[in-house]
């Protein structure tokens with residue numbers, strides 16, 4: 001299932017090394033939903049179940065909605081474990 005260009009850009013930002021500190025929390029929530037993850041919002045963050053035993057839990061960043069490098073790195077690791085490489089969705093990350 002190909003992703004649109006905006007979601008590909010977000011996915012590429014997440015998998016980029018070194019981790020980008022400019023990844024928007026709301027964009028990540030949309031991305032995870034499009035990747036087929038079951039996203040559950042909590043009072044302080046979100047829980048994302050990839051359906052294959054891989055669960056990612058993160059706290060909502062504040063006061064700005066930008067995730068820090070550690071959270072982006074953690075998400076990248078979980079996406080790799082869950083088997084979600086950008087090329088699988090037609091994304092060309094450089």
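Residue numbers (UniProt numbering): 1 to 94.
The beta carbon of each residue, even a glycine, is placed where N, CA and C say it ideally should be.
Buried or exposed (CB count within 10 angstroms, at least 16 for buried), residue i
i, result
"residue 62", "exposed"
"residue 59", "exposed"
"residue 87", "exposed"
"residue 41", "exposed"
Pair within 9 Å by beta-carbon distance, residue i and residue j
i, j, result
"residue 10", "residue 39", "no"
"residue 2", "residue 68", "no"
"residue 56", "residue 78", "yes"
"residue 52", "residue 71", "no"
"residue 93", "residue 16", "yes"
Presumed contact (8 Å Cβ cut-off) between residue i and residue j, rounded CB distance
i, j, result
"residue 49", "residue 37", "6 Å"
"residue 66", "residue 31", "15 Å between Cβ atoms; not a contact."
Strand pairing of residue i, partner residues [DSSP]
i, result
"residue 38", "49"
"residue 67", "23"
"residue 59", "45"
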